[in-house]
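First residue of the sequence shown: 38, per our numbering; consecutive thereafter.
No residue lacks a Cβ here, since even glycine has one placed at the ideal position from N, Cα and C.
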Amino acid sequence: MVINSLRALWDEPRPAHPPARVWRDWALLGVMLGASVVEAVLRGDREGMPVAIAVSVVIGLTLLWRRTHPVAAITVAFGTLIAFDVARILVLEVTGLRSIAAALVLPYALFRWGSGREATTGLGLILVWLGVTHVADPTTPAEVVAGYGFFLFSAALGAALRFHAAGRLRAVEQAELRQRHDLARDLHDTIGHHVSGIVIQAQAGQALGAADPERGMAVLATIEAATSQALTEMRAIVGVLRDDDAPDLSPQPGIPDITRLARPTGTPRVHAQMAGTLDDVPSAVGIALYRIAQEAVTNVRRHATDATRVSIEVVGDAERVRLTVRDDGGPTASSPPPTSGLGLVGMRERTSLLGGSLDVGPDPGGGWLVEATLPKQMPTPSRARATRGTV
38 MVINSLRALW
48 DEPRPAHPPA
58 RVWRDWALLG
68 VMLGASVVEA
78 VLRGDREGMP
88 VAIAVSVVIG
98 LTLLWRRTHP
108 VAAITVAFGT
118 LIAFDVARIL
128 VLEVTGLRSI
138 AAALVLPYAL
148 FRWGSGREAT
158 TGLGLILVWL
168 GVTHVADPTT
178 PAEVVAGYGF
188 FLFSAALGAA
198 LRFHAAGRLR
208 AVEQAELRQR
218 HDLARDLHDT
228 IGHHVSGIVI
238 QAQAGQALGA
248 ADPERGMAVL
258 ATIEAATSQA
268 LTEMRAIVGV
278 LRDDDAPDLS
288 PQPGIPDITR
298 LARPTGTPRV
308 HAQMAGTLDD
318 VPSAVGIALY
328 RIAQEAVTNV
338 RRHATDATRV
348 SIEVVGDAER
358 VRLTVRDDGG
368 PTASSPPPTS
378 GLGLVGMRER
388 TSLLGGSLDV
398 GPDPGGGWLV
408 EATLPKQMPT
418 PSRARATRGT
428 V
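Written as structure tokens, this is what we have:
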């Protein structure tokens, strides 16, 4: 468990879209450089002071790139501090300026905006510098503990805000998915109601058509009005479900579009891989595989806990295509079992109609596995009916 947690921390990607540089960053740089100049003027010792000022300038400049390039900022800033303190131990007799305390911002930015590997590496460099600087400036044990505590607290604060933001993002995504589920149910109920009425009117029209053509025509007019109303309500609800206002005129998705489900950043990360012969896959099979992969990834985001990685693999040979979706998470206590639900019913329906098979359950390597195998040759209607219910 501990090893998996450490591995997940090491593989944690950078958060997407770090904030751009703002006026507050320039203000912080100006305050730091101004404080450095004032302190240098007020201090009596002049030997080595240009070096101390240069170190403060370097620290200040790295603050401008602490979000977009956190590990580079850490490396430059604390690498400079280590070199300065080593020089102080060996040759220089000068104390660093107090303005370098602005370096406390860098551990926060590293753990807030850096990847897991960058945070681990950068923290190691910070700890090395803390050891060197306490040798350059001998201090009491309490001061040593306080120094480590300040920098570790800064890093912990960045990590806490990072995971709070990630949890908030996941909560927003789950709320959107629940809302879309409710809208889909409303769409089903609305259209079902109207279609049932249309069927009844059509049956009445057939009965009246021969005996009373005028009443039969009136029934057709009623059917037309009901159909128009159903289409209007369906477009209204589907319009809410769309992410934009433009109509979707693109063709149905297929196997090449599965790569669009990939998301190399964020949590969980999604990776897609294609292999084998996939050029001769029928469009119906390609659509089914895309929808199954889409539903599987959605289920991971909705129901899996601690999932950091989802892998999608599509492999084709001369006769069939196999889709495999794996994740490294586990089910939540409040979510339904991953082997039930409307999403799985849709997956099974698609695979059975196309003469394929579907397996869903725990992955021996950890997490959950969705595996669909579909033939490249489209089944006949009788064969499709025979395979339904056996998946």
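Below 8 Å, can you find three or more Cβ-Cβ pairs linking the stretch 152–169 to the stretch 81–95?
no
With which residues is Asp364 paired in a DSSP beta bridge?
Val347 and Trp405
7 Å Cβ cutoff met for Gly366 and Gly313
no
Within its chain, find whatever has a CB closer than 8 Å to the CB of Arg207; leave out the 5 residues flanking it on each side and keep chain order.
Thr304 and Arg338
Determine the closest residue to Val165 out of Val318, Glu210, Ala197 and Gly116, with distance taken between C-alpha atoms.
Gly116
Nearest neighbour of Val78, chosen from Leu134, Leu127 and Gly242 [CA to CA]
Leu134
Taking one C-beta from the stretch 291–300 and one from the stretch 317–330 each time, how about it: are there three or more such pairs within less than 8 Å?
yes
What are the partner residues of Thr396, as DSSP defines its beta bridges?
Rather than Thr, the amino acid found at residue 396 in this sequence is Asp. Bridge partners of Asp396: Glu408.
Using 8 Å as the Cβ pair cut-off and three pairs as the minimum, do the stretch 111–130 and the stretch 57–72 touch?
no
Nearest CA to the CA of Arg51: which residue from Ala183, Phe121, Asp400 and Thr302?
Thr302
CB of Met384 within 7 Å of CB of Ile329, strictly
yes
Exposure of Phe190, with buried meaning 16 or more beta-carbon neighbours within 10 Å
exposed
Using alpha carbons as the reference points, say which of Val232, Ala409 and Leu141 lies closest to Leu390.
Ala409
What residue range does the beta strand (DSSP E) around Ala312 cover?
Arg306 to Gly313
Within this structure, are the beta carbons of Ala333 and Val407 separated by less than 7 Å?
yes
Val256 versus Gly97, Ala239, His54 and Thr170, residue with shortest Cα-Cα distance:
Ala239
Option in Arg61, Gly161, Val347 and Thr132 with minimal Cα separation from Leu298:
Val347
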